[in-house]
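Asks: Per my numbering, the sequence shown runs over residues 13 to 92. We put the CB at the ideal spot given by N, CA and C, even for glycine. Note that this is a predicted model, so its numbers are computed, not measured.
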Amino acid sequence: MTSDKEQQLDTSGLKCPLPVLKAKKALKTMHAGATLRVIATDPGSVGDFAHFCDATGDALLESHAADGVYTFRIRKADDK
């Protein structure tokens, strides 16, 4: 379930670097403090999203894997 401040992005079937690039584009349209829930199927996305959040300052709130599906919740950092 997503709240008013949470958007969802399904990148299932996409390979690196597309899940991160699509998340980056989505986060640009969001306000600081908003949350993006990303669904991916690329195993490399686990490391990719960790590095992405380290580089951008966004918070990786959740990283979960089950049955080949990876779910990430990212909170957008304060606008700079």
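1) Could you name the residues of the same chain whose beta carbon sits closer than 8 angstroms to that of residue 21, not counting the 5 residues immediately before and after it, in chain order?
2) Tell me the rounded alpha-carbon separation between residue 55 and residue 27.
3) With a Cβ-Cβ cutoff of 8 angstroms, do residue 64 and residue 75 count as a contact?
4) Along the alpha helix (DSSP H) that carries residue 33, what are the first and last residues, could you check?
Replies: Looking at the atomic coordinates:
1) Here residue 21 is taken as the residue at index 9 of the sequence shown, counted from 1. The answer, listed in chain order, is 34, 35, 38, 48, 49, 50 and 51.
2) Residue numbering aside, residue 55 sits at position 43 when the sequence shown is read from its first letter. Residue numbering aside, residue 27 sits at position 15 when the sequence shown is read from its first letter. Cα-Cα distance, rounded: 9 angstroms.
3) Translated into the one-based positions of the sequence shown, residue 64 becomes position 52. Translated into the one-based positions of the sequence shown, residue 75 becomes position 63. No.
4) As a first step, residue 33 is located in the sequence shown; it is residue number 21 there, counting from the start. Start and end: 30-40.
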